[in-house]
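Participant: Top to bottom, those sequences are chains P and C. 4 is the number of the first residue of the first sequence in my numbering; add one for each residue after it. 4 is the number of the first residue of the second sequence in my numbering; add one for each residue after it.
Number of protein chains: 2
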Amino acid sequence: MPKRRSAASADRARRAAARASRVKKSGSFAESYLSYLLARASHIVASGFHAKLKTWNLSVPEYRVVFCLAGADGLGVGDLAAMAIMTQPRMTKVLDRMERQGLVGRHSDDGDRRRVLIHLTAAGRKRAAPVLRAAKAHEAHLLAPFTAEERAVIKHALDLLINGRA
Amino acid sequence: MPKRRSAASADRARRAAARASRVKKSGSFAESYLSYLLARASHIVASGFHAKLKTWNLSVPEYRVVFCLAGADGLGVGDLAAMAIMTQPRMTKVLDRMERQGLVGRHSDDGDRRRVLIHLTAAGRKRAAPVLRAAKAHEAHLLAPFTAEERAVIKHALDLLINGRA
DNA sequence: CGATGATATATGAAAAAGAATATTTCGTCG
DNA sequence: CGACGAAATATTCTTTTTCATATATCATCG
Chain P
4 MPKRRSAASA
14 DRARRAAARA
24 SRVKKSGSFA
34 ESYLSYLLAR
44 ASHIVASGFH
54 AKLKTWNLSV
64 PEYRVVFCLA
74 GADGLGVGDL
84 AAMAIMTQPR
94 MTKVLDRMER
104 QGLVGRHSDD
114 GDRRRVLIHL
124 TAAGRKRAAP
134 VLRAAKAHEA
144 HLLAPFTAEE
154 RAVIKHALDL
164 LINGRA
Chain C
4 MPKRRSAASA
14 DRARRAAARA
24 SRVKKSGSFA
34 ESYLSYLLAR
44 ASHIVASGFH
54 AKLKTWNLSV
64 PEYRVVFCLA
74 GADGLGVGDL
84 AAMAIMTQPR
94 MTKVLDRMER
104 QGLVGRHSDD
114 GDRRRVLIHL
124 TAAGRKRAAP
134 VLRAAKAHEA
144 HLLAPFTAEE
154 RAVIKHALDL
164 LINGRA
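Right, here's the structure in full:
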């Protein structure tokens with residue numbers, strides 16, 4: 004086996020390739036499944052940004068809350084849970100933690116006193132601002148490699164999956 | 004307000020619509036983000052099947068393991084974790100539970116004794132068989148409403164997102 | 001009005017996941 | 001050969017999540 008200057012990094016690459024190959028072997032099987040491809044795509048697209056969230060001391064569920072409230076402040080707990088794709092009890096507890104941090108506030112809905120409306124506090128909006136900017140930048144970064152046509156294909160595909168062909 | 008026979012179910016529908024509307028209000032915001040759309044699509048596509056998993060007494064991570072091993076038996080723990088989109092320590096614990104249930108076995112890799120190769124036991128394969136058939140059926144069910152062209156669009160979009168435009 | 005069933009949120013105990021790190025084996029280089 | 005850094009898996013401690021259910025309010029109907 005020839006020794007090269009960068010034997011170590013070459014080896015690292017070889018090992019990564021070996022893992023990719025082992026994973027790939029089943030690729031033809033798993034990758035034919037829509038659920039799997041979507042999970043993989045979702046993970047790839049989100050993981051980069053999720054990694055950056057710790058910079059702002061936000062957990063992923065906390066980010067989701069902030070993200071949802073940024074577009075629709077004053078949602079109820081259940082609505083927020085549905086929008087953030089989590090269960091209601093989990094959302095209640097995420098909100099407990101965020102309330103302790105002073106990021107969100109709870110309001111009783113006057114029209115229906117069972118409902119609890121959630122809003123970002125001033126501190127919450129302040130913490131959210133840079134994160135939301137980063138999210139926008141991440142979005143741009145993700146789409147950068149694609150042509151307008153490709154972007155349209157992607158959006159159309161997701162629209163089909165989410166809203167059906169209606 | 005007119006009273007009808009199905010006032011109750013009409014009301015239920017009205018409430019669901021109200022929630023959808025509250026959620027929708029922010030739609031124009033959140034739904035412009037690729038990460039969000041992918042997460043939503045992934046959830047929609049997977050949740051139906053995930054709900055059925057309890058029929059077979061399998062958790063979602065257990066299903067993922069079974070699914071991956073079905074296509075590539077004898078993967079290492081790390082490879083399996085990467086393929087199943089979870090961290091290695093989590094995979095180790097999922098495998099602990101599955102080993103206790105007799106679904107999988109651990110083998111030392113003779114070539115590299117750090118690695119632990121995972122394979123389905125006979126019992127595991129038996130438990131897996133109907134689940135994998137159901138997964139296949141679910142896949143067909145998901146794709147049924149779409150034309151061949153639409154399916155191609157979806158696959159192409161996901162391929163772009165996962166493998167880039169290489 | 002008052003009972004009854006439904007809906008919205010919260011709670012509590014048990015299970016699972018996360019983060020950091022330990023342990024074992026490898027590969028390389030002196 | 002032997003030390004040293006890297007890689008694969010396991011473990012430990014803490015936090016989060018899940019599952020089932022409790023509580024409070026609402027809507028309907030007798």
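Built from N, CA and C at the ideal position, the CB exists for glycine as well.
Helix or strand or just coil, what does DSSP make of S35 (chain C)?
Facilitator: Within the second sequence, residue 35 (chain C) is the residue found at index 32, counting from 1. In this structure, S35 (chain C) counts as coil in the three-state DSSP scheme.
Participant: Note down, in chain order, every chain C residue with its Cβ under 9 Å from the Cβ of A33 (chain P).
Facilitator: Here residue 33 (chain P) refers to the residue found at position 30 when the first sequence is read from its first residue. Those are F70, C71, A73, G74, A75 and M86, listed as they occur along chain C.
Participant: Exposed or buried, what is R130 (chain C) when buried is set at 16 or more other beta-carbons lying within 10 Å of its beta-carbon?
Facilitator: Numbered from 1 along the second sequence, position 127 holds the residue referred to as residue 130 (chain C). R130 (chain C) is buried by the Cβ-count criterion.
Participant: What does R17 (chain C) reach in chain P if we use C-beta pairs closer than 8 Å?
Facilitator: Counting from one through the second sequence, the residue named residue 17 (chain C) turns up at place 14. Those do not exist, as R17 (chain C) stays about 13 Å from chain P at its closest Cβ, beyond 8 Å.
Participant: If we count the other Cβ atoms within 10 Å of its Cβ and call it buried at 16 or more, is A23 (chain P) buried or exposed?
Facilitator: The sequence position of residue 23 (chain P) within the first sequence is 20, counting from 1. A23 (chain P) comes out exposed.
Participant: Between which two residues does the alpha helix (DSSP H) holding G74 (chain P) run?
Facilitator: Here residue 74 (chain P) is taken as the residue at index 71 of the first sequence, counted from 1. Counting along the chain, the alpha helix (DSSP H) containing G74 (chain P) begins and ends at V63 to G74.
Participant: Where do the ends of the beta strand (DSSP E) carrying R109 (chain C) lie?
Facilitator: By one-based count along the second sequence, residue 109 (chain C) stands at place 106. Looking at the DSSP string, the run of the beta strand (DSSP E) that includes R109 (chain C) is V107 to S111.
Participant: Quick check: the Cα distance between Y66 (chain P) and F32 (chain C), rounded to an integer number of angstroms?
Facilitator: Here residue 66 (chain P) refers to the residue found at position 63 of the first sequence. Here residue 32 (chain C) refers to the residue found at position 29 of the second sequence. Going from the Cα of Y66 (chain P) to the Cα of F32 (chain C) covers about 15 Å.
Participant: Report yes or no: do three or more beta-carbon pairs, one from the stretch 33-52 of chain C and one from the stretch 66-86 of chain P, lie closer than 8 Å?
Facilitator: The stretch 33-52 of chain C vs the stretch 66-86 of chain P: in contact.
Participant: Are the beta-carbon atoms of T90 (chain P) and G105 (chain P) separated by less than 7 Å?
Facilitator: Mapped onto the first sequence, residue 90 (chain P) falls at position 87. Mapped onto the first sequence, residue 105 (chain P) falls at position 102. For T90 (chain P) and G105 (chain P), no; Cβs fall outside 7 Å.
Participant: How long is the line joining the alpha carbons of K55 (chain P) and G81 (chain C), rounded to whole angstroms?
Facilitator: As a working mapping, residue 55 (chain P) is identified with position 52 in the first sequence. As a working mapping, residue 81 (chain C) is identified with position 78 in the second sequence. One C-alpha to the other measures close to 23 Å.
Participant: Residues in the same chain with beta-carbon distance under 6 Å from L135 (chain P), minus the five sequence neighbours each way, listed in chain order, please.
Facilitator: Taking the first residue of the first sequence as 1, we reach residue 135 (chain P) at position 132. Within the same chain, L135 (chain P) has close Cβ partners A73.
Participant: Between which two residues does the beta strand (DSSP E) containing I121 (chain C) stretch?
Facilitator: Locating residue 121 (chain C) in the second sequence gives position 118, where the first residue counts as 1. Run containing I121 (chain C): V119 to L123, per the beta strand (DSSP E) assignment.
Participant: Please classify G79 (chain P): is it buried, with 16 or more other beta-carbons within 10 angstroms of its beta-carbon, or exposed?
Facilitator: For the purposes of this step, residue 79 (chain P) is identified with residue 76 of the first sequence, where counting begins at 1. Result: buried.
Participant: Among C:C71, C:D76, C:H159 and C:A143, which one has its Cα closest to the Cα of D48 (chain C)?
Facilitator: Translated into positions along the second sequence, residue 48 (chain C) becomes position 45. Residue identity check: residue 48 (chain C) is Val in the sequence provided, not Asp. Closest by alpha carbon: C:A143.
Participant: At the level of alpha carbons, what is the spacing between F87 (chain P) and T58 (chain C)?
Facilitator: Translated into positions along the first sequence, residue 87 (chain P) becomes position 84. Translated into positions along the second sequence, residue 58 (chain C) becomes position 55. Position check: residue 87 (chain P) holds Ala in this sequence, whereas Phe was assumed. One C-alpha to the other measures close to 27 Å.
Participant: Give me the Cα-Cα distance between G127 (chain C) and G108 (chain C), rounded to the nearest whole angstrom.
Facilitator: Residue 127 (chain C) sits at position 124 when you count from the first residue of the second sequence. Residue 108 (chain C) sits at position 105 when you count from the first residue of the second sequence. Roughly 9 Å separates the two Cα atoms.
Participant: According to the neighbour-count rule (16 or more other Cβ atoms, all chains shown, within 10 Å of its Cβ), is S111 (chain C) buried or exposed?
Facilitator: For the purposes of this step, residue 111 (chain C) is taken as residue 108 along the second sequence, with counting starting at 1. When all chains shown are included, S111 (chain C) counts as exposed.
Participant: Just checking my contact of V156 (chain C) with V156 (chain P) at CB under 8 Å: how many whole Å lie between their CB atoms?
Facilitator: Sequence index remark: in the second sequence, residue 156 (chain C) carries index 153 (1-based). Sequence index remark: in the first sequence, residue 156 (chain P) carries index 153 (1-based). With a Cβ gap of about 6 Å, V156 (chain C) and V156 (chain P) count as contacting.
Participant: For H53 (chain P), collect the residues of the same chain with a Cβ closer than 7 Å to its Cβ; drop the 5 residues on either side in sequence, then sort them by chain order.
Facilitator: Working through the first sequence from its first residue, we reach residue 53 (chain P) at position 50. Excluding sequence neighbours, H53 (chain P) sits near V63.
Participant: Identify whether G81 (chain P) lies in helix, strand or coil by the three-state DSSP scheme.
Facilitator: Along the first sequence, one-based indexing puts residue 81 (chain P) at 78. Three-state result, G81 (chain P): helix.
Participant: Starting from D99 (chain P), follow the alpha helix (DSSP H) in both directions and report where the run begins and ends.
Facilitator: Looking up residue 99 (chain P) in the first sequence gives position 96. Residues Q91 to R103.
Participant: Give the DSSP-derived three-state secondary structure of F149 (chain C) in the structure shown.
Facilitator: Taking the second sequence and counting its residues from 1, one reaches residue 149 (chain C) at position 146. Note: F149 (chain C) maps to coil in three-state DSSP.
Participant: So for A23 (chain P), helix, strand or coil by DSSP?
Facilitator: If you number the first sequence from 1, residue 23 (chain P) lands on position 20. Looking at A23 (chain P) - three-state DSSP - the assignment turns out to be helix.
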